[in-house]
Amino acid sequence: MDALISQLQRQFRDHTISLYQQGFLDDQFTELKKLQDDGSPDFVAEVLSLFFEDCVKLISNMARALDQTTGAVDFSTVGASVHQLKGSSSSVGAKRVKALCVSFKDFCEAQNFEGCVRCLQQVDIEYKTLKSKLQDLFNLEKQIIQAGGIVPQVDIN
Amino acid sequence: MQYQISSTFSSNPQSLFSLVDMAEVLRPEMLDISNDTSSLASSQELLHVLAVDDSMVDRKFIERLLRVSSCKVTVVDSATRALQYLGLDGENGSVGFEDLKINLIMTDYSMPGMTGYELLKKIKESSIFREIPVVIMSSENILPRIDRCLEEGAEDFLLKPVKLADVKRLRDSLMKAEERAFKNLMHKRELEANDIYSQLKRAKI
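Top line first, the protein sequences correspond to chains A and B. One point on numbering: in full-length UniProt numbering, the residue at position 75 of the first sequence is 75, and numbering is uninterrupted. One point on numbering: in full-length UniProt numbering, the residue at position 36 of the second sequence is 36, and numbering is uninterrupted.
Below is the structure:
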């Protein structure tokens, strides 16, 4: 069992480090982890889950606002949703999503339709990628615990 | 607290004996005004914070930050709901809300409908709640915005994402203010008790 636990812990550590190194996560995610404890063991998963719900809702708002078939595009409506997404992504440490929102906001302000559509597609891909990677991470955590091991504290620096 | 101070004295001569009892209790050396105010938080309620934010993610986050910092938390999703909670929405008047003990209000700046700035103004206009410190949170570092909020009486302006250190700093400064108020009150009571005791002694009771 120990060999299995060690292997899982190693995978967990490697996966975590790569998420930071590849820019998916930043310091704010580390802060979230610090707020988790035995009394609230699912805090990070819960916040991230709310974040992904936000992504679905806001991206759908943006898509609707960018739909030219209903008339002229209201860039301020798009911008409002982008601003909200930027806020949530910042609060959970979703670094790449946040960076995309910054560019997206610029395109909204410039009323650049193609730029906005491109950002919308990218943000959609990006949040789904993050979601999938975090799911892998949470699964590893679960497996470690089920095997009777402790989830390691990973020092990013 | 290990003693009870009554500041009401009956002027009825038949209550002379109760005055004697009172003199015993109020002898200065019997008052145990301890310097230990750690009981302040445990005997009273914890600091109660009202947090206002339209973002689900941020509500969850600020709630956790506050719980981890040993605060009691009430979270609402809009300025309107905050006003309802405080009884300032004009529906019920403020009757019955004088007992609502809120030590701090933390609100997001940009919210649909009423902004955090407008909420701040409404709170400062209220005779019951104007003394409650209001902290504004924002993801944008806009100096004129910060100035405007501070001018309107905001206690502090925090950049999002809010840090645990920010919350701890706020809580510590609030605890110090409560501690000071508590000590002032106890000192005042001690002076009153001294005064009464002297009067009673002079009356040779």
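Ideal Cβ positions, reconstructed from N, Cα and C, are used throughout, including at glycine.
Tell me the DSSP secondary structure of residue i in three-state form.
{"i": "Met175 of chain B", "result": "helix"}
{"i": "Leu35 of chain A", "result": "coil"}
{"i": "Ser110 of chain B", "result": "coil"}
{"i": "Ser139 of chain B", "result": "coil"}
{"i": "Thr70 of chain A", "result": "helix"}
{"i": "Lys160 of chain B", "result": "coil"}
{"i": "residue 208 of chain B", "result": "Residue 208 of chain B is absent from the structure shown; chain B starts at 1 and stops at 205."}
{"i": "Thr74 of chain B", "result": "strand"}
{"i": "Val154 of chain A", "result": "coil"}
{"i": "Leu50 of chain B", "result": "strand"}
{"i": "Leu104 of chain B", "result": "strand"}
{"i": "Ala154 of chain B", "result": "coil"}
{"i": "Ala110 of chain A", "result": "coil"}
{"i": "residue 255 of chain B", "result": "Because residue 255 of chain B is not part of the residues shown, which for chain B are 1 to 205, the question remains open."}
{"i": "Ala94 of chain A", "result": "strand"}
{"i": "Ser40 of chain A", "result": "strand"}
At a Cβ threshold of 7 Å, is residue i touching chain A?
{"i": "Met56 of chain B", "result": "yes"}
{"i": "Arg145 of chain B", "result": "no"}
{"i": "Lys168 of chain B", "result": "no"}
{"i": "Lys124 of chain B", "result": "no"}
{"i": "Lys121 of chain B", "result": "no"}
{"i": "Lys60 of chain B", "result": "yes"}
{"i": "Gln199 of chain B", "result": "no"}
{"i": "Met186 of chain B", "result": "no"}
{"i": "Ser39 of chain B", "result": "Low confidence applies to Ser39 of chain B: its pLDDT is 43, below 50, so where it sits in the model is not reliable, and the reading given next is rough at best. No, Ser39 of chain B lies away from the interface with chain A (no Cβ there is under 7 Å from its Cβ)."}
For chain B, find out if any of its Cβ atoms is closer than 7 Å to the Cβ of residue i; answer yes or no.
{"i": "Val47 of chain A", "result": "yes"}
{"i": "Leu137 of chain A", "result": "no"}
{"i": "Phe51 of chain A", "result": "yes"}
{"i": "Gln28 of chain A", "result": "yes"}
{"i": "Leu100 of chain A", "result": "no"}
{"i": "Asp2 of chain A", "result": "no"}
{"i": "Ser76 of chain A", "result": "no"}
{"i": "Ser90 of chain A", "result": "yes"}
{"i": "Leu134 of chain A", "result": "no"}
{"i": "Gly87 of chain A", "result": "yes"}
{"i": "Leu8 of chain A", "result": "no"}
{"i": "Asp42 of chain A", "result": "no"}
{"i": "residue 190 of chain A", "result": "Outside the shown range of chain A, which is 1 to 157, sits residue 190 of chain A, and nothing can be said about it."}
{"i": "Asp54 of chain A", "result": "yes"}
Exposed or buried, residue i, counting other C-beta atoms within 10 Å across all chains shown (16 or more means buried)?
{"i": "Pro112 of chain B", "result": "exposed"}
{"i": "Ile59 of chain A", "result": "buried"}
{"i": "Asn157 of chain A", "result": "exposed"}
{"i": "Asn139 of chain A", "result": "exposed"}
{"i": "Lys101 of chain B", "result": "exposed"}
{"i": "Phe52 of chain A", "result": "buried"}
{"i": "Ile105 of chain B", "result": "buried"}
{"i": "Gln111 of chain A", "result": "exposed"}
{"i": "Glu114 of chain A", "result": "exposed"}
{"i": "Gln68 of chain A", "result": "exposed"}
{"i": "Gln125 of chain B", "result": "Reading off the sequence, residue 125 of chain B comes out as Glu, not Gln. Flag for Glu125 of chain B reads exposed."}
{"i": "Lys98 of chain A", "result": "buried"}
{"i": "Met1 of chain A", "result": "exposed"}
{"i": "Gly116 of chain B", "result": "buried"}
{"i": "Asp74 of chain A", "result": "exposed"}
{"i": "Ala193 of chain B", "result": "buried"}
{"i": "Pro161 of chain B", "result": "buried"}
Since residue i and residue j should fall inside the 8 Å C-beta cutoff, what is the C-beta to C-beta distance between them, to a whole number of angstroms?
{"i": "Leu66 of chain B", "j": "Val134 of chain B", "result": "In fact, because the Cβ distance is near 15 Å, the residues do not count as touching under 8 Å."}
{"i": "Val117 of chain A", "j": "Cys101 of chain A", "result": "About 15 Å; that fails the 8 Å criterion."}
{"i": "Val44 of chain A", "j": "Lys33 of chain A", "result": "6 Å"}
{"i": "Lys93 of chain A", "j": "Leu25 of chain A", "result": "Residue 93 of chain A is actually Gly in this sequence, not Lys. Yes, they are in contact, since the Cβ atoms of Gly93 of chain A and Leu25 of chain A sit about 5 Å apart, within 8 Å."}
{"i": "Leu46 of chain B", "j": "Ser78 of chain B", "result": "In fact, because the Cβ distance is near 25 Å, the residues do not count as touching under 8 Å."}
{"i": "Asp58 of chain B", "j": "Ser49 of chain A", "result": "Wrong, their Cβ atoms sit about 15 Å apart, outside the cutoff."}
So which residues of chain E does residue i contact, with C-beta pairs closer than 9 Å?
{"i": "Phe182 of chain B", "result": "Note that chain E does not occur in the displayed structure, where the protein chains are A and B."}
Contact list for the segment 130 to 161 of chain B against chain A, Cβ threshold 8 Å: For the segment 130 to 161 of chain B, which is checked against every Cβ of chain A, the residues closer than 8 Å are Ser139, Lys160, Pro161.
Chain-ordered residues of the segment 63 to 90 of chain B with a beta carbon less than 9 Å from chain A: Arg64, Leu65, Arg67, Val68
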